[in-house]
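Chain order of the listed sequences is X and Y. Residue 114 is where the first sequence ends in the numbering used here, and the numbering goes up by one at each step. Residue 725 is where the second sequence ends in the numbering used here, and the numbering goes up by one at each step. Even glycine gets a Cβ: it sits at the ideal position worked out from N, Cα and C. These notes are about the structure you will find just below.
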Amino acid sequence: MSFLPYAVGAWLFVIGLWGVVSSRNLVRTVLSLTVVQSATYLLLLGVGYRAKGVAPIVADIPTTSNLVDPVVQVLVLTDIVIEATVTALLLALVVQAHKRFGSVDPDDLRPLRD
Amino acid sequence: MTALTALPVLVPFIAGPLLVAGGYFAPRWFNDSIGALAAIAVAALCALLAAHAAPHPFAYWMGGWTPQHGFSIGISLSIDVLGAGLAAFCAVLVTAALVYSLRYFEAIEGLYHGLMLLFMAGMVGFCLSGDLFNIIVFFEVMSAAAFALTAYRVEERAPIQGAINFAITNSIAGYGMFIAVALLYARTGALNMAQIGVALSGHHTDPLVIVAMTLLFAGFLTKAAVVPLHFWLADAHAVAPVPVCVLFSGVMVDLGVYAVARLYWVVFAGPLGPHASAVRAIFVAVGVVTALTGATMCFLQRHIKRLLAFSTISHIGMFVCGMALLSGKALAGVAVYMVGHGLTKGALFMCAGILLHRFANIDEYDLHGRGRAVPVAGVIMAVGALLLAACPPFTTFMGKSLLDEASSAAPHYAWLIAVFIVISAVTGGSVLRVTCRVFLGWGSKEGPAHAIQQARAAEEETSETGGGRDHTPLVMVIVPAVMLLAVLVLGLVPGAVPGVERYAAQFVDHGLYSAWVLHGARVALPVVAPSHISLSDYAYGALSTVGALGVAAAGLFGYRLRGLRRSWPAQRLQAAVWVLRELHSGHIGDYIAWWSAGVSLIGGICLIALR
């Protein structure tokens, strides 16, 4: 079992967070968010990996085959659906922000400053 | 009955998208009635589930995939009275918000009703689910609907920013929870909470479990808006339409605390059992910081919706402290207080809505004395303020008394009583100050100079309802009045509070949960000696009420004490307050930096303290 997917997953999570923190453009912020989420895909698939496992399509393979875990793949699919929704919603908001503020720099969006 | 278990989730999941798709073409009365009927149906179904689970809690397995010999690979809805009760409470608040919306919005499309139903579907599924992954999916469903509702007035500037901050913070919290699920699945091979709990109990804590726990709790506590994960809440509340704020403050944030409590007792109580005192200390610290930060910020606001939002943060801190005491009695106190607080806060937001509807303004100083035109809203707001201050002997007071008794029973934590009194006094007092200034014209007309920005933000709130009017529709007064009446009555219903205590005792029993979920055991309700409200509880309640009057007076007439303001301690205090205000910058990058720092810090402490 390789250590690599976990290391890359952790790296993606942290670098994505840094992208959100440091971003001067909301489109980049939203894309950084998808980088954070990529970490979850990688980690989930890494968890389900089995050495020499085949794809879990059990229709036409012998029942004794070594399969990778299908549950995590389903979780990743759900995860992707959620990401698509949230990313679409956020990008729509960024378009609106550009229309109303004339800018997509989070520094210029400050009507809510306390 | 068990065959109907999935209906409270299915009904809004079917009705919601239909309204989104077809509501544009349908007349308004059709959208209004379908929305309200669906919400009432869900409330009734959840109440039925709670009644059915009253003698024995039960699990419903999708597709009949019941556990074999106590081992489950299926997906369950696990119904107990507190979970189903909270779901019913969500649906009741959605009903109230939709009825209030009948006259609040001049024009509203089916999209709004559809999103409200989807929001409710997420919340109800969240309360009923017994599967960890499904809880997180429902969390995301509820979040996505909430983001869209926050940005409902998308033609304006402030809602866009508020929704972006809300969406990014809560999405990152959600992704952290996905990581946690992957880690727990890798360790236990299970997604059902009861199954994970069984697999973990009997083991020691290790870094993997601690990291998973930190990410899960951080995710739910972001929804609950615990400092320093709370920055999104005030921004979202300030800009979301008023009926949506009723749900955000009334119940959505509570769900975060509910999930943490559920996960602690079902999943983590086994490995963390030997570390209970450290867990208690960490949660109490987080809760107290949240409560005091929220109370301070609440007092400083002049934008009335933001003020109410910070008061919610403060009360969430109180709930986290209550949960942290790790006893059934404290949890019962939190549950009772949540109902009282949710209804009270909802009614207060509706009063803010009345002001917004009438005057197209939500700034405390701009509205100085103008509220005399709607005296009945003033009465409702004043009663709400006193209930927020836990005035005896009503529901909020009952909840707070249980918390007080649980604090004095827990070793070393009796001082929490003082914190609770301060929170009640400051938040109740701040609302009372607004009431007196707006509805009676007391205090100064000129606001503090440093809050001009807020005043400008408050002025932007014009198009939510279509501008100022010369009358207030009756239904907008009746709904908050009925909600407050419920707070006055519910806690005094004989047997209600002792009943909650017994169900809370069932909730906090780690072994019991897996018995009824995985083995289908018919577990009996634990017998708990009901607490009696003692004289000291009344004294604390009276103290917080008098404190609220004092805080209100200080907020109204404190400006006359110029000499005191120039003194050294007052100047230092103002500097500290300035720093606190600057932290709430409205910049999403800052918020996520705080989020990351907070989660890392708490995770680091857990890794050291819980080994």
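| query | result |
| --- | --- |
| Could you check if glycine 102 (chain X) is buried or exposed, using at least 16 other CB atoms within 10 Å of its CB as the buried criterion? | exposed |
| Drop a sphere of 10 angstroms on the beta-carbon of histidine 318 (chain Y), count the other beta-carbons inside from all chains shown, and report buried for 16 or more, exposed for fewer. | exposed |
| Kindly indicate which three-state DSSP category aspartate 114 (chain X) falls into: helix, strand or coil? | Any reading at aspartate 114 (chain X) must be qualified, since the residue scores a pLDDT of 49, below 50, and its modelled position is unreliable; no value is offered. |
| Name the residues in the region 259–276 of chain Y whose C-beta lies less than 8 Å from a C-beta of chain X; which are they? | Phe261, Ala262, Ala265, Val268, Glu269, Glu270, Arg271, Ala272, Ile274, Gln275, Gly276 |
| Anything in chain X within Cβ reach of valine 251 (chain Y), meaning under 8 Å, just list it in chain order. | Thr78, Ile82 |
| Give me, in chain order, the residues of the same chain whose beta-carbon lies closer than 8 Å to that of aspartate 107 (chain X); leave out the 5 immediate sequence neighbours on both sides. | Arg24 |
| Applying a beta-carbon distance threshold of less than 7 Å, which residues of chain Y neighbour serine 2 (chain X)? | Neighbours of serine 2 (chain X) on chain Y: none; closest Cβ ~14 Å, over 7 Å. |
| Counting only beta-carbon atoms, is alanine 281 (chain Y) nearer than 8 Å to chain X? | yes |
| Could one say the Cβ of glutamate 254 (chain Y) lies closer than 8 Å to chain X's Cβ atoms, at least one of them? | yes |
| From the DSSP secondary-structure annotation, give me the bridge partner or partners of tyrosine 174 (chain Y). | Y:Leu191 |
| Could you check which residue in Y:Val365, Y:Phe382, Y:Thr410, Y:Ala423 has the C-alpha nearest to that of leucine 687 (chain Y)? | Y:Thr410 |
| Taking only beta-carbon positions, decide if arginine 28 (chain X) is within less than 8 Å of chain Y. | no |
| Going along chain X, which residues have a C-beta under 8 Å from serine 710 (chain Y)? | Leu17, Val21 |
| Take phenylalanine 473 (chain Y) and list the residues in its own chain whose beta-carbon comes closer than 7 Å to its own, dropping the five residues that flank it on each side. | Leu481, Arg484, Gly582 |
| Which residue spans inside the region 201–276 of chain Y form an unbroken alpha helix (DSSP H) run of at least 4? | 224–242, 246–264 |
| Please name the residue in X:Ser38, X:Asp69, X:Arg28, X:Leu77 whose C-alpha comes closest to that of proline 5 (chain X). | X:Ser38 |
| Quick one: which chain Y residues come within Cβ less than 8 Å of alanine 39 (chain X)? | Tyr289, Ile293 |
| Taking the alpha helix (DSSP H) that lysine 99 (chain X) falls in, what are its first and last residues? | 70–101 |
| I'd like to confirm the pairing. Which residues does DSSP put opposite aspartate 477 (chain Y) in its beta bridges? | Y:His417 |
| Determine the extent of the alpha helix (DSSP H) in which proline 126 (chain Y) is found, giving its start and end residues. | 121–136 |
| Which of the three DSSP states, helix, strand or coil, is assigned to valine 8 (chain X)? | helix |
| Just to confirm my understanding: we take alanine 520 (chain Y), look at its own chain, exclude 5 residues before and 5 after, and list those with CB closer than 8 Å. What are they? | Gly436, Leu439, Ser441, Lys443, Ala444, Gly447 |
| With a threshold of 8 Å between beta-carbons, can phenylalanine 413 (chain Y) be considered close to chain C, or not? | This model lacks chain C altogether; the protein chains it does include are X and Y. |
| Would you check if the region 149–165 of chain Y and the region 116–130 of chain Y touch, i.e. whether three or more CB-CB distances between them fall below 8 Å? | yes |
| Pick helix, strand or coil for asparagine 284 (chain Y), following the three-state DSSP scheme. | helix |
| What three-state label does DSSP hand phenylalanine 331 (chain Y) in the structure shown? | helix |
| Does the beta-carbon of glutamine 685 (chain Y) have 16 or more other beta-carbons within 10 angstroms, so that it is buried, or is it exposed? | exposed |
| Check the C-beta distance from valine 637 (chain Y) over to alanine 629 (chain Y) and give it rounded, since I have them as a contact under 8 Å. | 6 Å |
| Thinking just about the alpha-carbon of each residue, which of Y:Phe261, Y:Gly136, Y:Leu207, Y:Ala461 is nearest to the one in isoleucine 592 (chain Y)? | Y:Ala461 |
| Identify whether phenylalanine 3 (chain X) lies in helix, strand or coil by the three-state DSSP scheme. | coil |
| From the DSSP output, in three-state form, read off valine 750 (chain Y) for me. | Past the boundaries of the shown model lies residue 750 (chain Y); chain Y is included only from 115 to 725, so the question cannot be answered. |
| If the cut is a Cβ gap below 9 Å, which residues of chain Y does valine 47 (chain X) touch? | Ala296, Leu297, Tyr299, Ala300 |
| Quick test of the definition: if touching needs 3 or more C-beta pairs under 8 Å, does the region 227–242 of chain Y touch the region 365–376 of chain Y? | yes |
| Look at the Cβ atom of leucine 89 (chain X), then the Cβ atom of isoleucine 706 (chain Y), and state whether they are nearer than 8 Å. | no |
| Who are valine 54 (chain X)'s beta bridge partners in DSSP? | X:Leu67 |
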